[in-house]
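Written out below as structure tokens is the structure these notes cover.
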Amino acid sequence: MSFEYFISKRILKSEAQGKKVSRAIVRISVISIALAIVVNLITLAVVKGFQNQVRDKVSGFGAHLSILSASGGNMHESSPILKNQAFFDEIKKIKGIKNIAPVAYKPVLFQSDRNQRTVKLPDGKDTVITEQNVHGGLLKGVDNQYDWDFFKANLKEGSIPVFQPGKVSEEILLSRKMANDLSFKTGDTIRAYFVRSNPVLKKLIVKGIYETGLEEHDAKIAIGDLRLVQELNDWGIQATIEIEDSLYTVPGYESQLIVRVKARGGQGQFRYDWGRGAEIYGAKTYNADKDTTFRVIVSDFSTSLLKEESITLEDTAYLKISITGDRNSVNQFEKDADGFLVKNYENEDGTIYTINAGNKTVRVEQINGQGSYQQYIAGFEIKVNDWNQLDAIRKEVKSKVEFLPSKKGELFRVESIREAESDIFVWLGFLDLNVLIIIVLMILIGIINMGSALLVLILVRTNFIGILKSMGATNWAIRKIFLIQAAFLILKGMLVGNIVGIGIALLQYYFNIIPLNPEVYYLNTVPIELSFTSWFLLNLGTLIVCVAALIVPSMVITRISPAKAVKFN
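Right, here's the structure in full:
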């Protein structure tokens, strides 16, 4: 045991002269250190927890990384890309990637059921009021490759939708906020309106209800089948061939049927290949005198000089026509009162029907195109295992994707969640500056109070200092005695501060005592997250900085004269 440590320990345990005078100041200094530790611990725990929870929730709705078209815009607005990409399997093999999955988005307007209630008017009469709410949002389309972990952790009712191969699923995952606003529960059928060339109504089934506390995203995101969203977006081309309801009107050809192609999607300008190369005419005439099959391949093109040549995949449709009866007889097609052809349908979807033409019957079978929309998506979402490796993984993904055109000439870009949600992450970054300011201020207050306490301790022990100097003790040895004494007081304050600070943090962590407004703070309760590394560095830094800062006020010992100090009382 060193001489300085031995003396410091004895002084702390003694009831030497002057201790009663300095006791109040020493206690204040210890309390200030304890308060600094409490405030700094809670600040670190709350800010770290807040940053991580908001980050995880924002990433849960989207993804850590996204691969989308280089044409610009975010995932909700960017141009579609092909689902089958050569880089898909390569990216799955990158170390640190948890999942990669295709996604697509479509704006939707949900409508509640009609609700009637009776209201009594001032004149005493009753009136019935019919209410029907609507809620706008985004339907996110996913498939079975999607990582459901985030929504499973925040699922409150029902279950996660299951998308089986074959038939498009009508099941969706809805947020509790949307469900409450529209008065829906799991198992209910909800009307959803989508906009494309014409408004489309779909009846969807609420399979599950989630709640994340991230109010801004809860209010707009619903999850459904990727195939449904692909169809609604009209990204690819959907082609059909039909017999028009009216006959050809050119003189000499009045008795001929009009075979017309109907197409939607793509860029809206279509080319038609009837078997002799692409042309711009989407209709043909048919004399109804022989069996035939029309086949047309529909592709699109752009009329704008600002757009590149379309890469939309084509679609193929067929129309089979067979004749029964006297094929060479004159066409005498049956018409209704309005002059339109009478079609006798043989199935529910209207793709098979017959037309009476006098001495013969024309049987028509439409084989609609499968639609190339299934080949298009908004992009790929990538989730990583470790947030700290995000930048490194992004760099590796970019090396396999960016500036490398696909076989169809597509160009891609890689976007991180920090870019997609830049406003939120810039705001979260400013919290680090707030933490630094709070820590510096609290430690500065502790240093000032401990400096004052050290000067008081030196003052009340001036006589003792004089005796030590007269016995040959050096100034540095005496300063070390008081610095060690101050360090003991700092450690005492830190111990109290840690007990109180960690206790408060644990109470909030387990019991959520302090709530938050999710519309403002994205969370419904104050989050707590404190790592051992942060706790250890905070305590070690506080001890080192405070003790180091006390070296300056301890220099007053060098100015004390032994002769005068021995006489000092």
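Under the numbering used here, read the sequence shown as residues 1461 to 2029, first letter to last.
Glycine included, each C-beta is placed from N, C-alpha and C at the ideal position.
Residue i versus the options, residue with shortest Cα-Cα distance
i, options, result
"residue 1616", "1820, 1640, 1840", "1640"
"residue 1541", "1886, 1839, 1510", "1839"
"residue 1846", "1778, 1621, 1792, 1516", "1516"
"residue 1857", "1556, 1649, 1522, 1518", "1556"
"residue 1707", "1747, 1734, 1509", "1747"
"residue 1778", "1844, 1808, 1730, 1830", "1830"
"residue 1644", "1867, 1667, 1510, 1463", "1667"
"residue 2001", "1608, 1903, 1816", "1903"
"residue 1800", "1715, 1572, 1952", "1715"
"residue 1658", "1646, 1624, 1693", "1693"
"residue 1780", "1804, 1828, 1802, 1807", "1828"
"residue 1797", "1861, 1705, 1661", "1705"
"residue 1700", "1720, 1820, 1684, 1638", "1720"
"residue 1907", "1470, 1854, 1495", "1495"
"residue 1909", "1806, 2010, 1762", "2010"
"residue 1915", "1934, 2012, 1876", "2012"
"residue 1970", "1987, 2008, 1725, 1466", "1987"
"residue 1784", "1632, 1759, 1817", "1817"
"residue 1663", "1670, 1698, 1654", "1654"
"residue 1524", "1842, 1724, 1761", "1842"
Endpoints, beta strand (DSSP E) assigned at residue i
i, result
"residue 1599", "1594 to 1602"
"residue 1720", "1717 to 1725"
"residue 1682", "1681 to 1685"
DSSP-derived helix/strand/coil call for residue i
i, result
"residue 1830", "coil"
"residue 1698", "strand"
"residue 1710", "coil"
"residue 1736", "coil"
"residue 1741", "coil"
"residue 2009", "helix"
"residue 1845", "coil"
"residue 1609", "helix"
"residue 1619", "coil"
"residue 1979", "helix"
"residue 1469", "helix"
"residue 1730", "strand"
"residue 2015", "helix"
"residue 1552", "helix"
"residue 1756", "strand"
"residue 1871", "coil"
"residue 1463", "helix"
"residue 1974", "coil"
"residue 1580", "strand"
"residue 1522", "coil"
"residue 1819", "coil"
"residue 1703", "strand"
"residue 1498", "helix"
"residue 1654", "strand"
"residue 1484", "helix"
"residue 1837", "strand"
"residue 1804", "strand"
Residue interval of the alpha helix (DSSP H) (run including residue i)
i, result
"residue 1913", "1882 to 1920"
"residue 1970", "1935 to 1971"
"residue 1859", "1850 to 1861"
"residue 1661", "Looking at the DSSP string, residue 1661 is not in any alpha helix (DSSP H); the run it does join, the beta strand (DSSP E), is 1660 to 1670."
"residue 1639", "1636 to 1642"
"residue 1809", "First-last for residue 1809: undefined, no H or E at that position."
"residue 1648", "Residue 1648 -> no alpha helix (DSSP H), and no H or E assigned at all."
"residue 1678", "1675 to 1678"
DSSP beta-bridge partners of residue i
i, result
"residue 1575", "1591"
"residue 1746", "1717"
"residue 1798", "Partner(s): none; residue 1798 has no beta bridge."
"residue 1633", "1668, 1683"
"residue 1559", "1843"
"residue 1876", "1525"
"residue 1503", "Note: residue 1503 sits in no beta bridge, so no partner."
"residue 1825", "1780, 1812"
"residue 1543", "According to DSSP, residue 1543 bridges with nothing at all."
CB contact check: residue i to chain D, cutoff 8 angstroms
i, result
"residue 1680", "Absence of chain D from the displayed structure is noted, only one protein chain being present."
Three CB pairs or more closer than 8 angstroms across the segment 1679 to 1689 and the segment 1559 to 1569: yes
Segment contact flag, the segment 1897 to 1905 with the segment 1499 to 1507, C-beta cutoff 8 angstroms, min 3 pairs: yes
At least three beta-carbon pairs within less than 8 angstroms, the segment 1913 to 1929 to the segment 1940 to 1959: yes
contact_flag[the segment 1787 to 1796, the segment 1738 to 1756] where n(CB pairs < 8 angstroms) is 3 or more: yes
The segment 1987 to 2001 contacting the segment 1882 to 1897, beta-carbon criterion three pairs below 8 angstroms: no
Touching by the beta-carbon criterion (3+ pairs, under 8 angstroms), the segment 1734 to 1745 and the segment 1664 to 1680: no
Inter-stretch contact (C-beta, 8 angstroms, three-pair minimum) for the segment 1516 to 1530 and the segment 1974 to 1981: no
The segment 1481 to 1491 contacting the segment 1946 to 1966, beta-carbon criterion three pairs below 8 angstroms: yes
Three-pair Cβ contact test at 8 angstroms for the segment 1724 to 1741 versus the segment 1865 to 1872: no
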